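Trainee: Here it is, the structure in full.
Numbering (the working numbering), first residue to last: -3 to 111.
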């Protein structure tokens, strides 16, 4: 047991005759660790980007609701009448009348020829 721990601490497995297998495995482990670190870094960047977009969506949604409320208020008849009174345009006292327009029926070529 004492010799096993001592040889492990001296890293004899890296300089012995069959150390090429060990070095290959160590390089593989290092590459896998680097790949995992890069993957987690990429994941965190995407997560931050998604949370930023979600907060922007919330802001835009609330702004949209505010604009819709303002538009509804501006479309109200009382608001329109008040703004027109500032320009000295007053609503008519008489109700509006419908204007009916009748169009002449155009005759096609055969009807024009035979009449």
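Beta carbons are placed, not taken as given, at the ideal position from N, Cα and C, and that holds for glycine.
These figures come from a predicted structure and were not determined experimentally.
#1: From the DSSP output, in three-state form, read off residue 75 for me.
#2: Does DSSP put residue 14 in a helix, a strand or coil?
#3: Hey, quick one: how far does the alpha helix (DSSP H) through residue 109 stretch, first residue to last?
#4: Just how far apart, CA to CA, sit residue 84 and residue 77?
#5: State the Cα-Cα distance for the pair residue 39 and residue 27, rounded to the nearest angstrom.
#6: Under the three-state reduction of DSSP, which class applies to residue 179: helix, strand or coil?
#7: What is the C-beta distance between residue 18 and residue 10, in whole angstroms, given that I count them as a contact (C-beta under 8 Å)?
#8: Could you tell me whether the Cβ atoms of residue 69 and residue 75 are closer together than 8 Å?
#9: Between residue 66 and residue 100, what straight-line distance do the alpha-carbon atoms span, to the nearest angstrom?
Mentor: For this structure:
#1: In the chain shown, the residue the question calls residue 75 occupies position 79. DSSP, read as helix, strand or coil, puts residue 75 in helix.
#2: Here residue 14 corresponds to residue number 18 of the chain shown, with the count starting at 1. In the structure shown, the three-state DSSP call for residue 14 is coil.
#3: In the chain shown, counting from the first residue as 1, residue 109 sits at position 113. Where residue 109 is concerned, the enclosing alpha helix (DSSP H) stretches over 105 to 110.
#4: Stepping through the chain shown from its first residue, residue 84 is reached at position 88. Stepping through the chain shown from its first residue, residue 77 is reached at position 81. A straight-line Cα-Cα distance of about 10 Å links residue 84 and residue 77.
#5: Stepping through the chain shown from its first residue, residue 39 is reached at position 43. Stepping through the chain shown from its first residue, residue 27 is reached at position 31. Roughly 18 Å between the two C-alpha positions.
#6: As displayed, the chain neither begins before -3 nor continues past 111, which places residue 179 out of reach and without an answer.
#7: The residue labelled residue 18 in the question sits at position 22 within the chain shown. The residue labelled residue 10 in the question sits at position 14 within the chain shown. Yes, residue 18 and residue 10 are in contact; Cβ-Cβ is about 6 Å, under 8 Å.
#8: As a working note, residue 69 is residue 73 in the chain shown. As a working note, residue 75 is residue 79 in the chain shown. The Cβ-Cβ distance between residue 69 and residue 75 falls below 8 Å.
#9: Here the question's residue 66 lines up with position 70 in the chain shown. Here the question's residue 100 lines up with position 104 in the chain shown. If you take the alpha carbons of residue 66 and residue 100, they lie about 45 Å apart.
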